[in-house]
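Numbering (this note's numbering), first residue to last: 2 to 122.
Shown next, in the form of structure tokens:
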């Protein structure tokens, strides 16, 4: 076979692998949940250093559990993905406006750094 044939086979193989490993909507949602829960943990740890009594620790634990369940519900309702066969995008809808916050390709999801800024607000 000629080099041209190898190139065509390689491109077709890459396209097939990319299409087969495109992340699902659930994987996009899970990635956003992980990112938001990591941010929550970081913020809660900042507050834990200021609180030393047991009552504050118990309240913090309950607040953390409540916040995680709220994050999960919020992500399930607000986050979606658009599938473009070879890749997909992570979208969030707030107040009727949809914004792209990440993309997925080859089984991986890459979220924008803008999501960190949005979470802090």
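Quick reminder that beta carbons are idealized off the backbone N, C-alpha and C, glycines included.
Note that the structure is a prediction, hence the values are computed from the model and not measured.
TODO: Flag this pair as yes or no: are the beta carbons of residue 89 and residue 104 separated by less than 8 angstroms?
DONE: Here the question's residue 89 lines up with position 88 in the chain shown. Here the question's residue 104 lines up with position 103 in the chain shown. When the beta-carbon positions are compared, residue 89 and residue 104 come within less than 8 angstroms of each other.
- [ ] With a threshold of 16 other CB atoms inside 10 Å of the CB of residue 70, please say whether the residue is buried or exposed.
- [x] Taking the chain shown and counting its residues from 1, the one referred to as residue 70 is at position 69. Answer is exposed; the Cβ neighbour count stays below 16.
Open item on the list: Once DSSP output is grouped into helix, strand and coil, what is the label at residue 88?
Closed with: Locating residue 88 in the chain shown gives position 87, where the first residue counts as 1. Looking at residue 88 - three-state DSSP - the assignment turns out to be coil, as it is neither helix nor strand.
- [ ] Identify, in the order they occur along the chain, each residue of the same chain with its Cβ nearer than 6 angstroms to the Cβ of residue 106, setting aside the five sequence neighbours on each side.
- [x] Translated into the one-based positions of the chain shown, residue 106 becomes position 105. Excluding positions up to five away in sequence, the list reads 88.
- [ ] Determine the direct distance from the alpha carbon of residue 7 to that of residue 80, and round the result to whole angstroms.
- [x] One-based indexing of the chain shown puts residue 80 at position 79. One-based indexing of the chain shown puts residue 7 at position 6. Rounded to the nearest angstrom, the two C-alpha atoms are 40 angstroms apart.
- [ ] Compare the C-alpha of residue 34 against each of 76, 108, 19 and name the closest.
- [x] In the chain shown, residue 34 corresponds to position 33, counting from 1. Ranking 76, 108, 19 by Cα distance to residue 34 puts 76 first.
Open item on the list: Just to confirm before moving on: does the CB-CB distance between residue 91 and residue 101 stay below 8 angstroms?
Closed with: Sequence index remark: in the chain shown, residue 91 carries index 90 (1-based). Sequence index remark: in the chain shown, residue 101 carries index 100 (1-based). Cβ distance < 8 angstroms, so residue 91 and residue 101 count as in contact.
Open item on the list: Whole angstroms are fine: how far does the CA of residue 18 sit from the CA of residue 31?
Closed with: Locating residue 31 in the chain shown gives position 30, where the first residue counts as 1. Locating residue 18 in the chain shown gives position 17, where the first residue counts as 1. Each residue's alpha carbon lies about 22 angstroms from the other.
Task: Distance CB(residue 65)-CB(residue 45) smaller than 8 angstroms - done: Counting from 1 along the chain shown, the entry for residue 65 is found at position 64. Counting from 1 along the chain shown, the entry for residue 45 is found at position 44. Judged by beta-carbon spacing, residue 45 lies within the 8 angstroms limit of residue 65, meaning their Cβ atoms are closer than that value.
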